[in-house]
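The sequence shown lines up with residues 30 to 505 when you count with our numbering. This report refers to the structure that appears directly beneath it.
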Amino acid sequence: MSEPDVIVAGGGISGLSAAWWLAQAGCSVEVWEQDARLGGKIATRQTDGYLTERAASVMLNFRSEVSRLLAASGLDAAKIPSAPQRKRYLVRGGRLIPVPMRFGPLVRSPLWSVGAKLRLLAEPLLPRGGHVDETVSAFVVRRLGREVLETAMEPFIAGPLGSDPDQASAHAVLPQLVALEQRYGSIVIGAGVRRILRRGTSPVRESFSFDGGMVTLVRALAATANIRFRTGTTLRHIEPARSGWGLAGETPAGGLTARARQLVLSVPAPAAAALLRPLDADLAQLLHGIEYAALTVVHLAFDRSAVRNRLDGMGFLVPRSEGLPLTGCQWMSSTFAARAPRGKVLLSCYVGGARAPQARDWTDARCIDATLGVLDPLLGITAAPERVWIDRHASGLPLYHGAYASRVRALAERLRHWPGLHLAANYAGGVSVRERIVCGHALAGRIHASLAQSRPPAPITGLAASTVPAVSGGLG
Ligand SMILES: Cc1cc2nc3c(=O)[nH]c(=O)nc-3n(C[C@H](O)[C@H](O)[C@H](O)COP(=O)(O)OP(=O)(O)OC[C@H]3O[C@@H](n4cnc5c(N)ncnc54)[C@H](O)[C@@H]3O)c2cc1C
Numbered sequence: 030m031s032e033p034d035v036i037v038a039g040g041g042i043s044g045l046s047a048a049w050w051l052a053q054a055g056c057s058v059e060v061w062e063q064d065a066r067l068g069g070k071i072a073t074r075q076t077d078g079y080l081t082e083r084a085a086s087v088m089l090n091f092r093s094e095v096s097r098l099l100a101a102s103g104l105d106a107a108k109i110p111s112a113p114q115r116k117r118y119l120v121r122g123g124r125l126i127p128v129p130m131r132f133g134p135l136v137r138s139p140l141w142s143v144g145a146k147l148r149l150l151a152e153p154l155l156p157r158g159g160h161v162d163e164t165v166s167a168f169v170v171r172r173l174g175r176e177v178l179e180t181a182m183e184p185f186i187a188g189p190l191g192s193d194p195d196q197a198s199a200h201a202v203l204p205q206l207v208a209l210e211q212r213y214g215s216i217v218i219g220a221g222v223r224r225i226l227r228r229g230t231s232p233v234r235e236s237f238s239f240d241g242g243m244v245t246l247v248r249a250l251a252a253t254a255n256i257r258f259r260t261g262t263t264l265r266h267i268e269p270a271r272s273g274w275g276l277a278g279e280t281p282a283g284g285l286t287a288r289a290r291q292l293v294l295s296v297p298a299p300a301a302a303a304l305l306r307p308l309d310a311d312l313a314q315l316l317h318g319i320e321y322a323a324l325t326v327v328h329l330a331f332d333r334s335a336v337r338n339r340l341d342g343m344g345f346l347v348p349r350s351e352g353l354p355l356t357g358c359q360w361m362s363s364t365f366a367a368r369a370p371r372g373k374v375l376l377s378c379y380v381g382g383a384r385a386p387q388a389r390d391w392t393d394a395r396c397i398d399a400t401l402g403v404l405d406p407l408l409g410i411t412a413a414p415e416r417v418w419i420d421r422h423a424s425g426l427p428l429y430h431g432a433y434a435s436r437v438r439a440l441a442e443r444l445r446h447w448p449g450l451h452l453a454a455n456y457a458g459g460v461s462v463r464e465r466i467v468c469g470h471a472l473a474g475r476i477h478a479s480l481a482q483s484r485p486p487a488p489i490t491g492l493a494a495s496t497v498p499a500v501s502g503g504l505g
């Protein structure tokens with residue numbers, strides 16, 4: 030029976046990054062993953078010169094923890110930056126309008142009315158308000174006005190997060206904007222002050238993928254020395270044991286038991302709920318109540334001559350007011366080099382999410398028709414796609430809906446009853462790969478500190494001592 034310091038159940042990016050940081054801190058770590066491969070949602074497909082991503086396709090980074098992990102795992106050289114022209118478009122009145130990224134173009138942009146622009150300028154004069162379970166819509170309308178919600182914020186919440194701003198928690202989905210209001214009384218002023226204070230100290234904002242796609246990140250983490258990876262191993266049962274946790278799992282070769290001083294559940298919320306139900310019905314119920322959105326990604330390849338649009342950006346997002354069945358489309362072959370053969374283009378389109386739950390039941394043919402129905406007029410498509418790939422996620426993204434901040438607080442509260450047990454997956458702390466790496470770092474700090482209380486700590490290599498937070502079990 031193995032007895033590592035920490036067992037991490039779930040080999041998606043949440044579990045892999047937590048394990049990586051733990052290994053850097055000198056802990057002995059095992060990762061149990063039920064699938065035959067690591068990576069969870071992240072998977073890259075390469076066919077005939079095309080490269081498509083099943084889930085995450087791009088990393089947007091501005092966090093030093095991510096920069097450190099990439100540098101230490103040899104991934105800096107494998108980074109493929111997104112194309113310098115980072116234009117993004119929004120659909121407005123059936124046309125593509127560039128999203129202004131700077132103040133001058135923002136003032137001139139046809140995306141917003143004069144009234145909406147004046148409302149933005151008045152934001153610093155508004156009093157503080159809100160409450161812990163305020164929705165994104167209520168927060169944005171209160172601070173920035175309804176037009177900014179509908180044209181700018183809603184498509185970013187519905188697209189990359191698959192979520193609905195009328196139900197999503199502002200504290201969970203827009204923690205940085207909420208913090209700016211709380212601290213400075215204004216988002217606009219707070220953002221300006223932050224920019225000045227952080228000048229030269231935070232890493233440059235960059236968006237990138239990797240040579241070979243996102244699976245390159247997974248492979249690099251999976252090559253970490255000092256971590257034992259057990260793929261094809263499903264965690265079935267957990268129970269508190271003397272100074273740690275007892276685990277029982279299932280492998281193709283039979284049952285497996287193990288003991289670990291600390292246990293990290295990096296599995297989706299329903300799987301964590303099933304494991305915890307026999308121990309703590311309240312904790313299981315809190316996890317069980319987390320909703321997930323179904324998402325379908327439709328990848329289409331065309332001959333370049335079949336698309337009239339210049340495709341001079343990263344793609345477009347669709348506000349709900351347009352009434353279209355897509356939340357967005359990424360122009361993969363414009364964003365990254367080597368995503369399609371020469372003379373071809375690759376577009377990845379997103380169908381479903383909280384905005385269109387009915388799309389979960391659509392056939393492949395219906396998904397393709399719906400996608401082409403949007404693309405044809407917007408991009409000037411003149412011929413049928415040459416290749417199509419479809420990736421379906423029945424539980425694509427956790428929705429931070431309802432009183433989510435209260436739910437997360439209640440989860441952390443319940444976890445105090447179970448020392449050495451931690452939850453670390455994309456239903457808390459953010460869904461992006463960047464946020465998963467940052468959460469993994471913080472969690473590893475807490476676990477390392479906790480282990481060090483009972484024995485002299487190993488030398489810390491990857492975790493700066495000053496960034497190790499105080500000991501607590503809980504949510505990572
Ligand atoms: C369509 C789509 C597009 C996205 N695009 C982006 C993007 O461009 N950029 C970005 O930053 N993010 C993106 N994301 C988000 C990001 O990909 C996910 O949030 C992230 O990959 C989830 O990682 P995770 O480890 O939390 O969960 P998962 O990847 O779901 O990993 C959980 C793992 O737990 C395993 N497991 C479950 N039960 C057990 C058990 N009992 N025992 C052992 N193992 C178990 C599962 O097999 C799985 O491997 C996207 C997501 C989707 C769906």
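For every residue, glycine included, the Cβ atom is placed at its ideal position computed from N, Cα and C. Being a predicted model, the structure only gives us computed values, none of them experimental.
Enumerate in chain order the residues of its own chain whose CB-to-CB distance from residue i is below 7 Å, with the five nearest sequence positions on each side excluded.
{"i": "Ala439", "result": "Leu315"}
{"i": "Gly214", "result": "Arg157"}
{"i": "Glu183", "result": "Pro194, Pro348 and Arg349"}
Mind checking whether residue i and residue j have CB atoms under 8 Å apart?
{"i": "Arg259", "j": "Glu59", "result": "yes"}
{"i": "Arg117", "j": "Phe345", "result": "yes"}
{"i": "Ser166", "j": "Pro194", "result": "yes"}
{"i": "Asp240", "j": "Ala107", "result": "yes"}
{"i": "Ala454", "j": "Val296", "result": "yes"}
{"i": "Ala322", "j": "Gly283", "result": "no"}
{"i": "Ile186", "j": "Val202", "result": "yes"}
{"i": "Leu292", "j": "Leu450", "result": "yes"}
{"i": "Pro427", "j": "Ile256", "result": "no"}
{"i": "Gly261", "j": "Thr280", "result": "yes"}
{"i": "Leu355", "j": "Cys378", "result": "yes"}
{"i": "Ile476", "j": "Leu51", "result": "yes"}
{"i": "Leu99", "j": "Asp105", "result": "yes"}
{"i": "Leu312", "j": "Arg443", "result": "yes"}
{"i": "Arg115", "j": "Met343", "result": "yes"}
{"i": "Trp49", "j": "Gly357", "result": "no"}
{"i": "Val207", "j": "Leu67", "result": "no"}
Give the DSSP bridge partners of residue i, in chain order.
{"i": "His430", "result": "Ala197"}
{"i": "Ile36", "result": "Glu59 and Leu292"}
{"i": "Tyr379", "result": "Val326 and Gly357"}
{"i": "Phe345", "result": "Tyr118 and Cys358"}
{"i": "Ser31", "result": "Ala287"}
{"i": "Tyr79", "result": "Thr76"}
{"i": "Leu89", "result": "Ser236"}
{"i": "Gly68", "result": "Gly41"}
With distances taken from CA atoms, which of the options is nearest residue i?
{"i": "Pro508", "options": "Val403, Ala423 and Arg339", "result": "What is shown of the chain runs 30 to 505, which leaves residue 508 out entirely."}
{"i": "Arg416", "options": "Asp162, Gln63, Asp77 and Ser350", "result": "Asp77"}
{"i": "Glu82", "options": "Arg137, Ala208, Leu294 and Leu329", "result": "Leu329"}
{"i": "Leu324", "options": "Trp391, Ser198, Ser334 and Ala335", "result": "Trp391"}
{"i": "Tyr433", "options": "Trp141, His160 and Arg395", "result": "His160"}
{"i": "Pro153", "options": "Leu209, Ser142, Ile218 and Asn90", "result": "Ile218"}
{"i": "Leu173", "options": "Gly275, Leu150, Arg389 and Ser461", "result": "Leu150"}
{"i": "Trp61", "options": "Arg337, Thr73 and Ala47", "result": "Ala47"}
{"i": "Trp141", "options": "Thr180, Pro113 and Ser43", "result": "Thr180"}
{"i": "Glu351", "options": "Gly44, Asp34 and Leu125", "result": "Leu125"}
{"i": "Ser461", "options": "Gly191, Leu401 and Glu268", "result": "Gly191"}
{"i": "Arg271", "options": "Pro448, Gly40, Phe91 and Arg306", "result": "Pro448"}
{"i": "Pro386", "options": "Ile410, His422 and Val374", "result": "His422"}
{"i": "Val403", "options": "Leu305, Leu353 and Pro113", "result": "Leu353"}
{"i": "Ala249", "options": "Ala369, Val143, Ser102 and His266", "result": "Ser102"}
{"i": "Thr73", "options": "Leu155, Val37 and Val244", "result": "Val244"}
{"i": "Ala333", "options": "Asp34, Ile36 and Lys373", "result": "For clarity, residue 333 is Arg in the given sequence; the question names Ala instead. Of Asp34, Ile36 and Lys373, the residue nearest in Cα terms is Lys373."}
If you drop the 5 nearest sequence neighbours on each side, which residues of the same chain put their C-beta closer than 6 Å to that of residue i?
{"i": "Ser238", "result": "Val87, Ile109 and Phe365"}
{"i": "Glu32", "result": "Arg288"}
{"i": "Ala84", "result": "Lys70 and Ile71"}
{"i": "Ile489", "result": "Caution applies to Ile489, whose pLDDT of 46 falls short of 50 and renders its modelled position unreliable; the model cannot decide the point."}
{"i": "Pro486", "result": "In this prediction, Pro486 scores a pLDDT of 46, lower than 50, which makes its location untrustworthy; the coordinate-derived value is nonetheless stated afterwards. Closer than 6 Å at the Cβ level, and outside the excluded window around Pro486, lies no residue."}
{"i": "Val170", "result": "Leu178"}
{"i": "Arg371", "result": "none"}
{"i": "Val411", "result": "According to the sequence displayed, residue 411 carries Thr and not Val. Result list for Thr411: Ala335, in chain order."}
{"i": "Leu45", "result": "Leu250"}
Does residue i get closer than 8 Å to chain C when you measure Cβ to Cβ?
{"i": "Val37", "result": "Annotation note: the requested chain C is absent from the structure, which comprises a single protein chain."}
For residue i, which residues from the same chain have a beta carbon less than 8 Å from its beta carbon, with the 5 sequence-adjacent residues on both sides left out?
{"i": "Ala493", "result": "Confidence is the limiting factor: at Ala493 the pLDDT is only 43, short of 50, which leaves the residue's position unreliable, though a coordinate-based value still follows. Hits under 8 Å: none found."}
{"i": "Pro406", "result": "Gly123"}
{"i": "Arg223", "result": "Leu209"}
Ligand 2 and residue i: does any heavy atom of the ligand fall closer than 7 Å to the residue's C-beta?
{"i": "Ala85", "result": "Here the bound small molecules are ligand 1; ligand 2 is not part of this structure."}
Residue ranges of each alpha helix (DSSP H) within the segment 93–175, 4 or longer
93–101, 132–137, 143–150 and 165–173
To test your reading of the DSSP string, which unbroken alpha helix (DSSP H) runs of 4 or more residues are found completely within the segment 218–299?
244–251
Note down, one range per segment and in chain order, each beta strand (DSSP E) of at least 3 residues found wholly within the segment 399–456.
416–427 and 450–452
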